[in-house]
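Colleague: Those protein sequence lines, which keep their order, are chains A and B.
The first sequence begins at 8 in the numbering used here and counts up one residue at a time.
The second sequence begins at 8 in the numbering used here and counts up one residue at a time.
C-beta: ideal position from N, C-alpha, C; glycine also.
There are 2 protein chains.
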Amino acid sequence: MEIVQFQQHLSRQLPELTADELAELTAAFTLRNIKKRQFIVQPGFVADHRIYVVQGAFRAYVIDPAGIDHTIQFAIEDWWITDVNSFIYRTPAQMFVVALEDSTVFQLDYATEQRLKQTNHRFETLFRLHAERAAAYHQRRLISALTRTAEERYEEFLAKYPTVFQRLPQYVIASYLGMSKEFLSKIRNHGGPKKLN
Amino acid sequence: MEIVQFQQHLSRQLPELTADELAELTAAFTLRNIKKRQFIVQPGFVADHRIYVVQGAFRAYVIDPAGIDHTIQFAIEDWWITDVNSFIYRTPAQMFVVALEDSTVFQLDYATEQRLKQTNHRFETLFRLHAERAAAYHQRRLISALTRTAEERYEEFLAKYPTVFQRLPQYVIASYLGMSKEFLSKIRNHGGPKKLN
DNA sequence: GTGCGAAGATGAACTAGTTCATCAAATGCG
DNA sequence: CGCATTTGATGAACTAGTTCATCTTCGCAC
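#1: Taking only the alpha-carbon atoms, compute the straight-line gap between B:T98 and B:A54 and give it to the nearest angstrom.
#2: Give the straight-line distance between the Cα atoms of B:I4 and B:R66, rounded to the nearest whole angstrom.
#3: Could one say the Cβ of A:T154 lies closer than 8 Å to chain B's Cβ atoms, at least one of them?
#4: Between A:F94 and A:Q121, what straight-line distance do the alpha-carbon atoms span, to the nearest angstrom?
#5: So A:L17 packs on A:H56, CB below 8 Å; how close in whole Å?
#6: Identify which residue in B:H77, B:A73, B:Q62 has its Cα closest to the Cα of B:W87.
#7: Specify the secondary structure class of A:D27 as computed by DSSP and reduced to three states.
#8: Within a Cβ cutoff of 6 Å, which residues of the same chain sit near B:Q101, ignoring the five residues on either side of it in sequence?
#9: Please list the residues of the stretch 121 to 139 of chain A that have a C-beta atom closer than 8 Å to any C-beta atom in chain B, keeping them in chain order.
#10: Quick one: is B:K124 buried, meaning 16 or more other Cβ sit within 10 Å of its Cβ, or exposed?
#11: Just confirm the distance between the C-beta atoms of A:A152 and B:L153, as a whole number of angstroms; I'd bet it's less than 8 Å.
#12: If you measure beta-carbon to beta-carbon, which residues of the stretch 54 to 85 of chain B are closer than 7 Å to chain A?
#13: Taking only three categories from DSSP, how would you classify A:I10?
#14: B:R148: buried (16+ other C-beta within 10 angstroms of its C-beta) or exposed?
#15: Using 10 angstroms around the beta-carbon of A:N92, count the other beta-carbons present and answer buried if the total reaches 16, otherwise exposed.
#16: Nearest by alpha-carbon distance to B:V26: which of B:I10, B:L175, B:R160 is it?
#17: Apply the 10 Å Cβ neighbour rule to B:F113 and answer buried if 16 or more other Cβ atoms are within range, or exposed otherwise.
#18: Pull out every residue of the stretch 86 to 118 of chain B whose Cβ sits closer than 8 Å to any Cβ of chain A, in chain order.
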């Protein structure tokens with residue numbers, strides 16, 4: 008069942024968690040089904056939940072003044088997603104987070120998370136680890152955006168997430184990689200000798 | 008003295024800290040003077056310290072295959088700096104972190120930080136907050152890099168860090184903003200009616 | 001002081017990536 | 001099924017930003 012997958016995931020994050028703690032932790036989350044194209048975060052509203060994806064796919068994106076959307080993060084099974092800025096500072100979100108497929112998630116609301124962290128040192132540790140990894144992830148992404156050409160970012164993506172590529176529409180990947188969808192299409196077809204479909 | 012400033016900073020981060028805790032925490036750090044141009048992190052070596060800047064300025068940067076450097080982060084008084092990826096995953100750093108001025112810092116080594124976090128729930132909370140804010144910072148920076156033009160990023164920087172601009176050489180700011188130093192120079196002189204010196 | 005390296009300004013030529021427009025194929029859905 | 005919407009390919013014209021090269025200015029070392 009979903010809860011087993013989720014507890015295994017949490018156990019991998021922090022092996023010290025006891026069975027009781029895993030049970031308490033997961034009980035604090037709500038299992039929820041989300042339909043394709045449904046939004047779980049929208050600009051103007053505070054992102055009140057942290058989401059763990061059991062099954063499905065999401066993307067978080069912003070729309071710039073010119074109306075172009077930019078994917079900040081995506082998430083498939085076993086990943087987490089929310090608008091961090093909005094969630095931690097309790098300010099209105101700048102992002103959209105939308106389901107790309109019919110999905111199943113565990114969600115945790117802000118107040119419950121605070122309670123968990125206060126009552127158990129190890130829960131605090133779990134969220135600290137989570138935040139550190141998120142910081143490292145965003146920093147790696149920033150480095151990639153600043154130091155690599157469009158084609159290099161595409162190759163890097165293919166190497167890192169080979170399965171994700173088939174699964175998401177190309178315009179989502181283009182907007183994640185910081186290039187126009189037309190250019191991604193050109194890279195894929197002409198670009199270099201490599202032409203994995 | 009430096010330690011007062013540092014304790015005030017920590018108190019602002021987490022007001023619940025008692026005087027005893029502040030004392031214990033700051034005692035775990037080492038006060039250190041660092042000369043201009045000295046490196047505190049270098050590629051190939053694990054970043055073993057987290058640095059709080061008491062006085063001075065630093066920048067963290069990577070060098071791409073073409074030899075161009077890209078500033079990932081800078082830090083002046085009351086900011087923190089290290090190579091997060093290297094520090095938390097204990098892998099060789101990809102970055103340089105260098106002093107831009109003669110500086111004074113408090114540094115905390117990895118093992119001591121682990122001990123602090125284990126022994127006191129509130130210290131764990133402090134580092135959790137720190138990591139969350141770092142994640143949010145890097146995410147905002149990524150959004151800016153993806154959604155704004157060079158000129159907009161420059162204006163944003165001016166608005167956000169007006170004092171920093173005078174203090175750092177222009178090529179550092181250009182590499183932080185993700186543009187060539189020549190282009191930053193052109194923006195500053197021709198760009199728009201605004202021409203703050 | 002003067003000589004020299006580092007920082008900034010400026011222009012001309014160039015290019016990586018965008019925009020716009022059209023066409024083709026795939027997918028969903030009533 | 002069959003139509004409509006979404007997704008992807010491709011080419012031509014364009015532009016934001018780069019690269020390279022030259023010149024000036026400024027700080028500071030001896």
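Modeller: In short:
#1: Residue numbering aside, residue 98 of chain B sits at position 91 when the second sequence is read from its first letter. Residue numbering aside, residue 54 of chain B sits at position 47 when the second sequence is read from its first letter. B:T98 and B:A54 have their alpha carbons spaced roughly 8 Å apart.
#2: The question about residue 4 of chain B has no answer, for chain B in this structure spans 8 to 204.
#3: Within the first sequence, numbered from 1, the residue matching residue 154 of chain A stands at position 147. Chain B, which has a Cβ nearer than 8 Å to the Cβ of A:T154, makes this yes.
#4: Position 87 of the first sequence, counted from the start, is the residue given in the question as residue 94 of chain A. Position 114 of the first sequence, counted from the start, is the residue given in the question as residue 121 of chain A. Answer to the nearest angstrom: the Cα atoms are 12 Å apart.
#5: Taking the first sequence and counting its residues from 1, the one referred to as residue 17 of chain A is at position 10. Taking the first sequence and counting its residues from 1, the one referred to as residue 56 of chain A is at position 49. Between A:H56 and A:L17 the Cβ distance is about 17 Å, and since that is not below 8 Å, they are no contact.
#6: Sequence index remark: in the second sequence, residue 87 of chain B carries index 80 (1-based). When each option's Cα is compared against that of B:W87, the closest is B:Q62.
#7: As a working note, residue 27 of chain A is residue 20 in the first sequence. Residue state, collapsed to three classes: helix.
#8: Residue 101 of chain B sits at position 94 when you count from the first residue of the second sequence. These residues qualify, in order along the chain: P50, V69.
#9: From the stretch 121 to 139 of chain A, only K124, H128, E131, T132, F134, R135, A138, E139 have a Cβ closer than 8 Å to chain B.
#10: Taking the first residue of the second sequence as position 1, residue 124 of chain B is located at position 117. The residue in question, B:K124, is buried, as its Cβ has 16 or more Cβ neighbours within 10 Å.
#11: On the first sequence, residue 152 of chain A is found 145 positions in, with the first residue counted as 1. On the second sequence, residue 153 of chain B is found 146 positions in, with the first residue counted as 1. Taking a contact as a CB-CB distance under 8 Å, the pair A:A152 and B:L153 counts as one, their CB atoms being some 7 Å apart.
#12: Within the stretch 54 to 85 of chain B, those residues whose Cβ lies closer than 7 Å to any Cβ of chain A are, in chain order, V69, D71, H77, I79.
#13: Here residue 10 of chain A corresponds to residue number 3 of the first sequence, with the count starting at 1. A:I10 falls in the helix class under three-state DSSP.
#14: What you label residue 148 of chain B is simply residue 141 of the second sequence in a count that begins at 1. B:R148 comes out buried.
#15: As a first step, residue 92 of chain A is located in the first sequence; it is residue number 85 there, counting from the start. Per the 10 Å Cβ criterion, buried.
#16: On the second sequence, position 19 is the one that residue 26 of chain B refers to. Strictly speaking, residue 26 of chain B in this sequence is Ala, with Val absent from that position. For B:A26, the closest of B:I10, B:L175, B:R160 by C-alpha to C-alpha distance is B:I10.
#17: Translated into the one-based positions of the second sequence, residue 113 of chain B becomes position 106. Result: buried.
#18: Cβ contacts with chain A come from V91, N92, I95, Y96, Q101.
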